[in-house]
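Residue numbers (this note's numbering), protein chains in the order written: chain A, 17 to 298; chain B, 17 to 298. The structure appears right after this line, and notes come after that.
Number of protein chains: 2
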Amino acid sequence: MSLINHSQAKVFDGWHKQYIHQSSTLNCEMRFAIYLPLEATEDKPVPVLYWLSGLTCTDENFMQKAGAFKKAAELGIAIVAPDTSPRGEGVPDDPEGAYDFGLGAGFYLNATQEPWQEHYQMYSYIVDELPLLIEANFPVSKRKAISGHSMGGHGALTIGIKNPTAYSSISAFSPICHPMAVPWGQKAFRNYLGEDKSKWLQYDAVELMKTHLITAPILVDQGNADSFLTEQLKPETLQSAAIEAKANLTLRIQPGYDHSYYFIQTFIDDHLEFHAKYLKTE
Amino acid sequence: MSLINHSQAKVFDGWHKQYIHQSSTLNCEMRFAIYLPLEATEDKPVPVLYWLSGLTCTDENFMQKAGAFKKAAELGIAIVAPDTSPRGEGVPDDPEGAYDFGLGAGFYLNATQEPWQEHYQMYSYIVDELPLLIEANFPVSKRKAISGHSMGGHGALTIGIKNPTAYSSISAFSPICHPMAVPWGQKAFRNYLGEDKSKWLQYDAVELMKTHLITAPILVDQGNADSFLTEQLKPETLQSAAIEAKANLTLRIQPGYDHSYYFIQTFIDDHLEFHAKYLKTE
């Protein structure tokens with residue numbers, strides 16, 4: 017698994033770098049970005065926060081707009097941001113070019129339906145291939161946490177819940193909490209997974225809470241001026257499921273904030289401090 | 017002068033908003049962005065930092081990528097980011113569509129040559145029209161500082177030096193210090209101002225230092241891994257001129273940093289604190 021360095025820039029004494037690699041899981045070339053704080057060395061590997069972005073994003077949105085590196089440098093945490101779907105020649109896209117399905121909209125699941133299943137295997141990419149690649153090539157430890165925004169919040173919640181020993185903490189901004197019950201999720205699940213709704217349960221955070229022991233603490237921030245709140249996000253369904261499951265969920269409704277990266281920028285330091293508390297203790 | 021609100025998002029308890037207005041100076045519609053901290057009210061107007069962006073940018077680059085709002089909120093400073101050139105129907109562009117001239121490359125000067133002079137009057141827009149508009153429509157005081165990046169660093173230096181009573185402090189990241197002596201500046205000045213180089217002197221920071229009393233303190237940060245450093249930026253010429261002029265210039269060469277917004281993100285808090293020191297004292 018060879019990595020090609022695509023860019024690098026010093027930031028807050030550490031480095032932001034982009035790499036390209038051939039993904040055996042996704043059957044295409046992928047780009048990801050990593051922030052490595054100054055203190056990360058072979059002798060002193062740092063833990064990693066995996067960040068999953070939302071619809072239409074690439075590895076760049078969070079890295080450029082979240083303003084996360086000052087705090088990450090201070091806490092000594094690396095951040096890895098993958099792309100949000102397979103890309104490139106031969107990777108199929110929504111036939112109508114919609115923003116909410118296909119390219120930029122992999123929904124962090126393993127597709128089972130034609131023509132998507134050959135490339136759209138983002139769940140396995142995030143859970144298996146990417147951490148192996150990161151741990152083999154950078155001065156990081158095996159301590160991992162996971163976070164994300166919107167579709168990426170859905171990804172962080174579902175991946176975190178399904179892999180309780182892999183991620184020490186989980187957080188999300190404005191996540192799609194109950195994709196089976198909302199238009200974005202239903203469109204994606206129907207196309208990627210087929211009509212059988214029993215297959216959808218494995219990628220729905222609210223449903224997963226009913227069947228999994230939730231050990232990792234979860235922090236969710238949601239703006240109440242978010243235009244997707246009622247139709248697509250439904251944080252109240254996550255809160256009910258968490259109470260039922262006795263999960264350690266903190267849901268914060270932030271008055272006046274919307275769905276943008278300005279919202280993420282405002283609260284990302286809280287999330288980094290939250291994750292550091294669990295990442296930095298063995 | 018009516019303003020049309022184009023967008024708004026809450027960020028760090030304040031607001032980022034974009035507005036569109038008809039500019040009488042530029043003879044076209046212009047968009048600008050403003051960050052207003054929570055504490056800005058009619059009873060307690062806040063000072064303003066004007067930020068001038070570099071080649072190819074709009075009002076959005078700094079606002080999305082600099083990570084400046086946390087510190088601006090803490091210090092109680094508004095930030096205004098204008099566009100980098102006139103825009104829209106009828107505004108001429110570089111005939112070859114180059115990135116370094118025409119749209120996105122107004123160079124913060126008043127053009128005198130056909131066909132540029134009808135719209136390319138960014139100097140007067142930044143110095144006169146925009147502050148009047150801001151002061152008439154937002155809870156801000158008349159205390160102003162100015163900063164910018166690359167072409168915008170050139171803008172901040174030249175505008176700050178030429179208007180010593182208007183701006184209490186000046187700063188720049190990676191500025192084009194001596195545009196008369198470098199390809200970017202020569203192309204712009206030749207086209208906008210004509211072949212007579214005596215007309216170029218009024219928009220060259222190094223030349224202006226020879227003829228102006230510099231009262232405002234100046235802070236400049238420059239990365240030494242900046243690929244434009246030697247050919248286009250030439251900070252050493254500014255330093256020599258400042259010594260000669262007995263100007264209060266602090267030039268910091270930052271090892272390993274490049275020309276990107278990751279560099280700006282790393283040091284923007286220093287610049288905000290620098291400006292606050294002068295903006296917040298009468």
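Where a beta carbon is used, it is the ideal one built from N, C-alpha and C, also for glycine. Computed from a predicted model, the values in this text were never measured in an experiment.
Of all Cβ atoms in chain A, is any one closer than 8 angstroms to the Cβ of residue i?
i, result
"residue 80 of chain B", "yes"
"residue 287 of chain B", "no"
"residue 299 of chain B", "Nothing can be reported for residue 299 of chain B: it is not among the residues displayed for chain B, which extend from 17 to 298."
"residue 241 of chain B", "yes"
The beta strand (DSSP E) that contains residue i, what's its start and end?
i, result
"residue 196 of chain B", "Run containing residue 196 of chain B: none; DSSP gives neither H nor E here."
"residue 48 of chain B", "44-52"
"residue 21 of chain A", "20-27"
"residue 94 of chain A", "94-97"
"residue 189 of chain B", "183-189"
"residue 33 of chain B", "30-39"
"residue 268 of chain A", "265-270"
"residue 234 of chain A", "234-239"
"residue 63 of chain A", "62-68"
Determine, using beta carbons only, whether residue i comes closer than 8 angstroms to chain B.
i, result
"residue 237 of chain A", "no"
What does residue i touch in chain B if you count any residue whose Cβ is under 8 angstroms from its own?
i, result
"residue 169 of chain A", "Going along chain B, no residue has its Cβ under 8 angstroms from residue 169 of chain A, so there is no contact; the nearest lies around 18 angstroms."
Given that residue i touches chain A, what residues does it touch there, using C-beta distances under 9 angstroms?
i, result
"residue 85 of chain B", "83, 278, 281 and 282"
Name the chain A residues whose beta carbon is nearer than 8 angstroms to that of residue i?
i, result
"residue 272 of chain B", "26"
Drop a sphere of 10 angstroms on the beta-carbon of residue i, count the other beta-carbons inside from all chains shown, and report buried for 16 or more, exposed for fewer.
i, result
"residue 114 of chain A", "exposed"
"residue 187 of chain B", "buried"
"residue 214 of chain B", "exposed"
"residue 162 of chain B", "buried"
"residue 272 of chain A", "exposed"
"residue 268 of chain B", "exposed"
"residue 274 of chain B", "buried"
"residue 23 of chain A", "exposed"
"residue 40 of chain A", "exposed"
"residue 20 of chain B", "exposed"
"residue 240 of chain A", "exposed"
"residue 334 of chain B", "Nothing about residue 334 of chain B can be reported from this structure: the residues present for chain B run from 17 to 298 only."
"residue 148 of chain A", "exposed"
"residue 26 of chain B", "buried"
"residue 60 of chain A", "exposed"
"residue 259 of chain A", "exposed"
Taking the alpha helix (DSSP H) that residue i belongs to, which residues open and close that run?
i, result
"residue 222 of chain A", "221-227"
"residue 281 of chain B", "277-295"
"residue 253 of chain A", "251-261"
"residue 170 of chain B", "167-178"
"residue 153 of chain A", "146-153"
"residue 312 of chain B", "Absent from the structure is residue 312 of chain B, since the part of chain B shown begins at 17 and ends at 298."
"residue 91 of chain A", "85-91"
"residue 80 of chain B", "76-81"
Check the Cβ-Cβ distances between residue i and every residue of chain C, and say whether any is below 8 angstroms.
i, result
"residue 93 of chain A", "The structure shown has no chain C; the protein chains it does contain are A and B."
How about residue i: is its Cβ closer than 7 angstroms to a heavy atom in the ligand SAH?
i, result
"residue 215 of chain A", "Annotation note on the ligand SAH: not contained in the displayed structure, which lists no ligands."
Residues within the stretch 22-46 of chain A neighbouring chain B, beta-carbon criterion of under 7 angstroms: 25, 26, 27, 28 and 32
Name, going along the chain, the residues of the stretch 179-199 of chain A whose beta-carbon falls closer than 9 angstroms to a beta-carbon of chain B. none
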